[in-house]
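Worksheet for the structure shown next.
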Amino acid sequence: MKSAVIIFPGSNCDRDMDVALKRFGFKNQMVWHNDQEIPKSDLIVLPGGFSYGDYLRCGSIASKSKIIKSVIEFANSGGLVIGICNGFQILTESKMLPGSLLKNENLKFICKKIFLKVKNNNTFFSKKYKLNEIINIPIAHMEGRYYCSKEALKELENNGQIIFQYCNDNGSIKNNYNPNGSIMNIAGIINLKGNVLGMMPHPERCSEELLGGENGIKFFRSIFESIN
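Written as C-alpha coordinates, this is what we have:
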(Lines of atoms letter the chains of each structure in order from A and count residues from 1; the text may use other names and numbers.)
(Lines give C-alpha, C1' and ligand atoms only; values in the text may rest on other atoms or scores of the structure.)
Protein backbone atom coordinates (compact mmCIF):
# COMPACT_ATOMS: atom_id res chain seq x y z
CA MET A 1 0.00 0.00 0.00
CA LYS A 2 1.33 3.42 -0.96
CA SER A 3 0.49 6.74 0.64
CA ALA A 4 1.52 10.37 0.21
CA VAL A 5 1.60 13.09 2.86
CA ILE A 6 1.46 16.63 1.46
CA ILE A 7 3.75 19.14 3.20
CA PHE A 8 2.82 22.83 3.26
CA PRO A 9 4.85 25.71 4.72
CA GLY A 10 3.77 25.51 8.36
CA SER A 11 2.79 21.83 8.46
CA ASN A 12 3.82 20.36 11.81
CA CYS A 13 2.11 16.98 11.95
CA ASP A 14 3.48 15.64 8.67
CA ARG A 15 6.22 13.56 10.33
CA ASP A 16 3.81 12.21 12.94
CA MET A 17 1.56 11.02 10.14
CA ASP A 18 4.52 9.57 8.22
CA VAL A 19 5.54 7.51 11.27
CA ALA A 20 1.97 6.30 11.88
CA LEU A 21 1.36 5.29 8.26
CA LYS A 22 4.62 3.34 8.06
CA ARG A 23 3.84 1.63 11.35
CA PHE A 24 0.63 0.27 9.86
CA GLY A 25 2.14 -1.00 6.64
CA PHE A 26 2.06 1.91 4.21
CA LYS A 27 5.00 2.82 2.01
CA ASN A 28 4.76 6.55 2.52
CA GLN A 29 6.19 9.42 0.52
CA MET A 30 6.41 13.08 1.52
CA VAL A 31 5.26 15.45 -1.22
CA TRP A 32 6.00 19.20 -1.32
CA HIS A 33 2.93 21.39 -1.90
CA ASN A 34 4.53 23.16 -4.86
CA ASP A 35 4.87 19.93 -6.83
CA GLN A 36 2.26 19.41 -9.49
CA GLU A 37 2.05 15.63 -9.53
CA ILE A 38 1.56 13.04 -6.80
CA PRO A 39 3.47 9.75 -6.94
CA LYS A 40 1.29 6.70 -7.48
CA SER A 41 -0.64 6.35 -4.21
CA ASP A 42 -3.58 4.58 -2.63
CA LEU A 43 -4.04 7.29 0.01
CA ILE A 44 -3.30 11.02 0.28
CA VAL A 45 -3.09 12.81 3.62
CA LEU A 46 -3.25 16.56 4.27
CA PRO A 47 -1.68 16.84 7.74
CA GLY A 48 -2.23 19.18 10.66
CA GLY A 49 -0.31 22.36 11.29
CA PHE A 50 -0.52 26.02 10.38
CA SER A 51 -0.16 26.17 6.60
CA TYR A 52 1.04 29.61 5.55
CA GLY A 53 0.75 30.75 9.16
CA ASP A 54 -3.06 30.55 8.96
CA TYR A 55 -3.12 33.93 7.21
CA LEU A 56 -6.41 35.08 5.63
CA ARG A 57 -8.37 31.98 6.75
CA CYS A 58 -6.99 28.67 7.92
CA GLY A 59 -6.24 26.53 4.88
CA SER A 60 -7.29 29.18 2.36
CA ILE A 61 -3.83 29.83 0.88
CA ALA A 62 -2.90 26.14 0.99
CA SER A 63 -6.06 25.36 -0.98
CA LYS A 64 -4.53 27.29 -3.88
CA SER A 65 -1.24 25.35 -3.85
CA LYS A 66 -0.25 23.64 -7.11
CA ILE A 67 -0.61 20.15 -5.64
CA ILE A 68 -4.28 20.63 -4.73
CA LYS A 69 -5.43 20.22 -8.33
CA SER A 70 -3.88 16.75 -8.33
CA VAL A 71 -5.44 15.97 -4.93
CA ILE A 72 -8.88 16.92 -6.27
CA GLU A 73 -8.36 14.79 -9.37
CA PHE A 74 -7.24 11.89 -7.20
CA ALA A 75 -10.36 12.24 -5.01
CA ASN A 76 -12.64 12.53 -8.04
CA SER A 77 -11.19 9.25 -9.35
CA GLY A 78 -12.17 7.52 -6.10
CA GLY A 79 -8.83 7.70 -4.28
CA LEU A 80 -8.87 7.98 -0.48
CA VAL A 81 -8.05 11.42 0.95
CA ILE A 82 -7.74 12.38 4.62
CA GLY A 83 -7.46 15.88 6.06
CA ILE A 84 -6.53 16.09 9.74
CA CYS A 85 -7.00 19.40 11.61
CA ASN A 86 -5.44 21.96 9.24
CA GLY A 87 -5.94 19.36 6.52
CA PHE A 88 -9.68 19.40 7.28
CA GLN A 89 -9.63 23.18 6.88
CA ILE A 90 -7.88 22.81 3.51
CA LEU A 91 -10.49 20.28 2.36
CA THR A 92 -13.34 22.70 3.09
CA GLU A 93 -11.50 25.64 1.53
CA SER A 94 -10.89 23.62 -1.63
CA LYS A 95 -14.57 22.52 -1.65
CA MET A 96 -13.76 18.83 -1.35
CA LEU A 97 -15.93 18.85 1.77
CA PRO A 98 -18.89 21.10 2.63
CA GLY A 99 -18.88 23.72 5.37
CA SER A 100 -16.18 25.76 7.09
CA LEU A 101 -13.97 25.66 10.18
CA LEU A 102 -14.36 28.78 12.32
CA LYS A 103 -12.58 30.06 15.41
CA ASN A 104 -13.33 28.11 18.57
CA GLU A 105 -16.31 29.43 20.47
CA ASN A 106 -14.14 30.47 23.43
CA LEU A 107 -11.61 32.13 21.08
CA LYS A 108 -8.79 30.13 22.65
CA PHE A 109 -6.38 27.51 21.35
CA ILE A 110 -7.42 24.10 22.71
CA CYS A 111 -4.93 21.28 23.23
CA LYS A 112 -6.21 18.30 25.20
CA LYS A 113 -7.75 14.86 24.95
CA ILE A 114 -11.47 14.63 24.28
CA PHE A 115 -14.06 11.90 23.74
CA LEU A 116 -15.59 11.04 20.36
CA LYS A 117 -18.51 8.84 19.44
CA VAL A 118 -18.28 6.84 16.21
CA LYS A 119 -21.54 7.63 14.42
CA ASN A 120 -20.87 5.75 11.20
CA ASN A 121 -18.62 2.69 11.11
CA ASN A 122 -19.53 1.75 7.57
CA THR A 123 -16.75 3.78 5.94
CA PHE A 124 -13.22 3.27 4.66
CA PHE A 125 -11.95 5.16 7.72
CA SER A 126 -14.03 3.75 10.58
CA LYS A 127 -14.90 0.14 9.72
CA LYS A 128 -12.76 -1.34 12.53
CA TYR A 129 -14.63 0.64 15.19
CA LYS A 130 -17.96 -0.46 16.62
CA LEU A 131 -21.02 1.70 15.95
CA ASN A 132 -21.34 4.26 18.77
CA GLU A 133 -17.93 3.27 20.15
CA ILE A 134 -16.45 5.97 22.40
CA ILE A 135 -12.80 6.82 21.87
CA ASN A 136 -10.38 9.16 23.64
CA ILE A 137 -8.26 11.19 21.24
CA PRO A 138 -6.22 14.44 21.22
CA ILE A 139 -7.23 17.75 19.66
CA ALA A 140 -5.04 20.81 19.10
CA HIS A 141 -6.62 23.72 17.27
CA MET A 142 -7.77 27.32 17.33
CA GLU A 143 -10.16 27.13 14.39
CA GLY A 144 -11.97 23.84 14.86
CA ARG A 145 -15.60 24.93 15.09
CA TYR A 146 -17.33 23.18 12.20
CA TYR A 147 -20.16 25.13 10.63
CA CYS A 148 -22.41 24.60 7.62
CA SER A 149 -25.82 25.73 6.40
CA LYS A 150 -29.02 24.07 7.63
CA GLU A 151 -29.46 22.52 4.20
CA ALA A 152 -25.93 21.11 4.19
CA LEU A 153 -26.34 19.79 7.74
CA LYS A 154 -29.55 18.00 6.78
CA GLU A 155 -27.74 16.35 3.87
CA LEU A 156 -24.86 15.28 6.12
CA GLU A 157 -27.33 13.70 8.54
CA ASN A 158 -29.50 12.04 5.89
CA ASN A 159 -26.53 10.59 4.01
CA GLY A 160 -24.62 9.30 7.05
CA GLN A 161 -21.72 11.65 6.38
CA ILE A 162 -21.18 12.55 10.04
CA ILE A 163 -18.53 10.08 11.23
CA PHE A 164 -17.39 11.45 14.59
CA GLN A 165 -19.12 13.63 17.19
CA TYR A 166 -17.77 15.12 20.40
CA CYS A 167 -19.24 13.53 23.53
CA ASN A 168 -18.43 12.67 27.15
CA ASP A 169 -17.03 9.39 28.46
CA ASN A 170 -20.55 7.94 28.55
CA GLY A 171 -21.29 8.88 24.95
CA SER A 172 -23.66 11.76 25.71
CA ILE A 173 -23.62 14.28 22.85
CA LYS A 174 -24.43 17.65 24.40
CA ASN A 175 -23.12 21.20 24.12
CA ASN A 176 -21.39 20.74 27.49
CA TYR A 177 -19.05 18.22 25.87
CA ASN A 178 -18.40 20.25 22.73
CA PRO A 179 -14.86 21.68 23.03
CA ASN A 180 -15.07 24.22 20.22
CA GLY A 181 -18.75 24.94 19.52
CA SER A 182 -19.04 22.85 16.34
CA ILE A 183 -22.55 22.59 14.98
CA MET A 184 -24.15 19.37 16.25
CA ASN A 185 -20.85 18.46 17.98
CA ILE A 186 -19.37 17.46 14.62
CA ALA A 187 -15.73 16.36 14.77
CA GLY A 188 -15.39 14.55 11.43
CA ILE A 189 -17.28 14.13 8.16
CA ILE A 190 -16.92 12.42 4.80
CA ASN A 191 -17.96 13.51 1.33
CA LEU A 192 -21.03 12.03 -0.36
CA LYS A 193 -18.89 9.55 -2.27
CA GLY A 194 -17.34 8.38 1.01
CA ASN A 195 -13.69 8.57 -0.01
CA VAL A 196 -12.72 11.96 1.49
CA LEU A 197 -12.57 12.40 5.26
CA GLY A 198 -11.98 15.55 7.27
CA MET A 199 -11.59 15.50 11.05
CA MET A 200 -10.18 17.86 13.68
CA PRO A 201 -8.87 15.27 16.21
CA HIS A 202 -5.46 13.64 15.66
CA PRO A 203 -5.51 9.82 15.34
CA GLU A 204 -1.79 9.86 14.48
CA ARG A 205 -1.09 11.14 18.01
CA CYS A 206 -2.71 8.16 19.69
CA SER A 207 -1.58 5.23 17.58
CA GLU A 208 0.74 3.69 20.18
CA GLU A 209 0.59 3.62 23.96
CA LEU A 210 3.94 5.34 24.56
CA LEU A 211 2.80 8.33 22.51
CA GLY A 212 -0.56 8.95 24.13
CA GLY A 213 -2.85 5.99 23.66
CA GLU A 214 -4.06 3.48 21.11
CA ASN A 215 -7.50 4.73 20.09
CA GLY A 216 -6.15 5.74 16.69
CA ILE A 217 -5.03 2.21 15.81
CA LYS A 218 -8.43 1.13 14.46
CA PHE A 219 -8.48 4.26 12.30
CA PHE A 220 -5.32 3.28 10.43
CA ARG A 221 -6.26 -0.39 10.32
CA SER A 222 -9.61 0.56 8.81
CA ILE A 223 -7.88 2.40 5.99
CA PHE A 224 -5.29 -0.31 5.35
CA GLU A 225 -7.95 -3.01 5.29
CA SER A 226 -10.13 -0.94 2.93
CA ILE A 227 -7.31 -0.59 0.42
CA ASN A 228 -5.72 -4.01 0.81
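Per the working numbering: the sequence shown = residues 10 to 237.
For glycine and all other residues, C-beta sits at the position ideal for the given N, C-alpha and C.
All values derive from a computational prediction rather than experimental measurement.
Item	Value
Check LEU52 in the structure and name its three-state DSSP category.	strand
Determine, using beta carbons only, whether LYS204 and ALA84 come nearer to each other than 8 Å.	What sits at residue 204 in the sequence shown is Asn, not Lys. Yes, they are a contact pair.
Can you find at least 3 beta carbon pairs, one from the region 87–103 and one from the region 139–156, that sit closer than 8 Å?	yes
Is the CB of PRO210 under 8 Å away from at least one CB in chain E?	In the structure shown, chain E cannot be found, because there is only a single protein chain.
Please work out which residues of its chain come closer than 7 Å, Cβ to Cβ, to GLY169, disregarding the five sequence neighbours upstream and downstream, and give them in chain order.	ASN129
If I measure Cβ to Cβ from ASN177 and keep anything under 7 Å in the same chain, skipping five residues before and after, which residues do I get?	PHE124 and TYR186
Can you give the Cα-Cα distance for GLU142 and ILE195, rounded to whole angstroms?	15 Å
Which stretch, first to last residue, makes up the beta strand (DSSP E) that contains PHE118?	From DSSP, PHE118 is part of no beta strand (DSSP E); its letter is neither H nor E.
Verify whether the separation of the beta carbon atoms of LYS137 and ARG230 is less than 8 Å.	yes
So the beta strand (DSSP E) SER12 belongs to, where does it begin and stop?	11–16
May I ask you to check if the CB of LYS163 is nearer than 7 Å to at least one heavy atom of the ligand HEM?	Ligands in the displayed structure: none, and consequently the ligand HEM is not present.
Could you give the residue range of the alpha helix (DSSP H) that holds ILE232?	226–236
Which of the three DSSP states is assigned to LEU220 in this structure?	helix
Please tell me whether ASN21 and GLY57 are closer than 8 Å, where the distance is taken between their beta carbons.	yes
Specify, as a first and last residue, the run of the beta strand (DSSP E) that SER109 falls within.	109–111
On the CB-based measure, 16 or more other CB atoms within 10 Å of its CB, does HIS140 come out buried or exposed?	The sequence shown places Leu at residue 140, rather than the His named in the question. Exposed is the call here.
Identify which residue in ALA71, ILE15 and LYS73 has its Cα closest to the Cα of PRO48.	ILE15
If GLN45 sits next to SER79, beta carbons under 8 Å apart, how far is it from one beta carbon to the other, in whole angstroms?	7 Å
Spatial neighbours of ASN131 within its chain, please: CB distance less than 6 Å, with the 5 preceding and 5 following residues excluded, ordered by chain position.	none
For ASP23, which residues from the same chain have a beta carbon less than 6 Å from its beta carbon, with the 5 sequence-adjacent residues on both sides left out?	VAL14, ILE16 and PRO56
Beta carbon of GLY153, beta carbon of SER103: below 8 Å?	no
So, helix, strand or coil for MET244, using DSSP?	Only positions 10 to 237 of the chain appear in the structure, and residue 244 is not among them; the question remains open.
If you draw a straight line from the alpha carbon of ILE119 to that of TYR175, how long is it in whole angstroms?	14 Å
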